[in-house]
Structures are given as C-alpha cells and as structure tokens.
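Numbering (the working numbering), first residue to last: 695 to 858.
If you want it as structure tokens, here you go:
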C-alpha cells in the first residue's frame, strides 16, 4: 500500500500509478481506501485529470520515500568489500603454520584489508572448540588431524618430503 501511495504521489493519476507499479486501477483504489482509513485523511483530492495530494499526504510522502528507500537497501544484497572491513581477526595457528603459511597469508590480507587488525595466537588443540565457539578465535590453521570433524575445513596445500 505504501508503494501505491508513492506511485500516486509521483504520477498524480490512478491509472498511471497502477501501470507504474504493475497492479490494476481497482487495486489502487482499494489501497487508497485503506490508506485513508489508516491515516484518517483523504490523502488525495480528485481533479479533472487526476489527483492532488493533501498537505498531510505531502508531508507523509517524505517519510514514505525514506522508509521505502531504507527497506530497499535492507533487501538489496550487500557487496563485500575487504578494503572497508574493520575490527580484529584472531588466527590460531600451529608453529609450523606460523612459519610456512602465515607470512604470505598475512601479507595478502594486509593488502586486501588494510584496516583489519590481526592477532595470531598459538594453536591449542585442547581449547580449540571453546575458543572457536566463543568467537575468541576466528580462524584456525593446523594439520587436519588436529581439527574436530564438526568443523568445515579447506585443504590449503599438500607437501611431500623426501630424504636424501
């Protein structure tokens, strides 16, 4: 009904308002009747070629415009931009991961998310579940055997060692 109100404000004509929002002229009339009851105001006065808004409708139009704009923003998908992210990100990593994986990972993360504060802490296998569940750790980097099966994992790489 608020979209109908907005269309009537813009078009000042029931037929054009109906066409604008893809409903019938009868639906516009029904919506307008309900809006008049809700706001206890005529909202629009008939004239030969359409409607003119009442002073109350003109004031209401500003608020409806804001409300519908906010609602549209709320429903629109958010685009993640790593450059704008702020806050603290805590990584628990084994000694090996701190030496082999983290230097490149941190360098890349600093370029992509310069406002993100990073904290690296030692990986504690016996406290991992508690730390992850409480949000005190956001990411763990360790050997697969150290991670409980209940957590989703991504394989970072595979190594092969040889002896000469």
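Ideal placement from N, C-alpha and C gives every residue a C-beta, glycine not left out.
Values in this document were obtained by computation on a predicted structure and should not be read as measured data.
Under the 10 Å beta carbon count, residue 768 is surrounded by fewer than 16 other beta carbons and is classified as exposed.
Our two residues, residue 708 and residue 806, have alpha carbons roughly 51 Å apart in a direct line. Distance from the CA of residue 840 to the CA of residue 779, rounded to the nearest whole angstrom, comes to 29 Å. Looking at the DSSP output, residue 742 bridges to nothing.
For residue 751, the enclosing alpha helix (DSSP H) stretches over residues 749-769. In the structure shown, residue 782 adopts extended strand secondary structure according to DSSP, grouped into three states. Secondary structure at residue 815: strand, using DSSP grouped into helix, strand and coil. Two segments are said to touch when three or more pairs of C-beta atoms, one from each, lie closer than 8 Å; by this definition the region 769-778 touches the region 793-808.
In the DSSP assignment, residue 711 falls within the alpha helix (DSSP H) that extends over 708-715. With respect to the 8 Å criterion, residue 725 and residue 695 are classified as neighbours on the basis of their beta carbons. For residue 796, there is no enclosing beta strand (DSSP E); the enclosing alpha helix (DSSP H) has its first and last residue at 796-806. The count of Cβ pairs closer than 8 Å, one atom from the region 780-790 and one from the region 808-823, reaches three, so the stretches are in contact. With respect to the C-alpha of residue 744, the residue from 701, 786, 755 having the closest C-alpha is 701. Counting only residues of its own chain and dropping the five nearest sequence neighbours on each side, residue 837 has no CB closer than 6 Å to any other CB.
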